[in-house]
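A short write-up of the structure that comes next.
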Amino acid sequence: MYKTTPDVIFVFGFRTHYRGGKTTGFGMIYDSSLDVKKNEPKHRLTRHGLYEKKKTSRKQKKERKNRMKKVRGTAKANVGAGKKPKE
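Going by UniProt numbering, 72 is the number at position 72 of the sequence shown; the sequence numbering is gapless.
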């Protein structure tokens, strides 16, 4: 029907109907992969293998959360920033 490749087609939100035989959902067909990366949410890009989520351990997340509780306001942004590079 559409002359396109599977990497620019995104389908989601499927719901089955009572007694089966019919399923409805949503689909998006993009012009290019750049449009996909610009408009699609990260969790759908991850399913297609176009986005890699950085892994942080559970303990690191908890330690960062508790460090952030000790400061107020905009200083919270600096808490998890990491060490400054040496010049």
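A virtual CB, placed ideally from N, CA and C, is assigned to each residue, including glycine.
For the alpha helix (DSSP H) containing residue i, list its first residue and its last residue.
i: residue 99; result: Nothing can be reported for residue 99: it is not among the residues displayed for the chain, which extend from 1 to 87.
i: K76; result: K76 to V79
For the putative contact between residue i and residue j, defined by C-beta atoms under 8 angstroms, what is the C-beta separation to the nearest angstrom?
i: G80; j: M68; result: 7 angstroms
i: I29; j: T5; result: 10 angstroms between Cβ atoms; not a contact.
i: K59; j: Y51; result: With 8 angstroms as the limit, K59 and Y51 do not qualify as a contact, their Cβ atoms being about 24 angstroms apart.
For residue i, count neighbouring Cβ atoms within 10 angstroms of its own Cβ and tell me buried if that reaches 16, exposed if not.
i: F14; result: exposed
i: F12; result: exposed
i: E40; result: buried
Checking 8 angstroms against the spacing of the C-beta atoms, do residue i and residue j come in under that value?
i: K38; j: L45; result: no
i: S33; j: V71; result: no
Whole alpha helix (DSSP H) elements within the segment 7-46, 4-residue minimum: Here the runs fully enclosed are 33-39.
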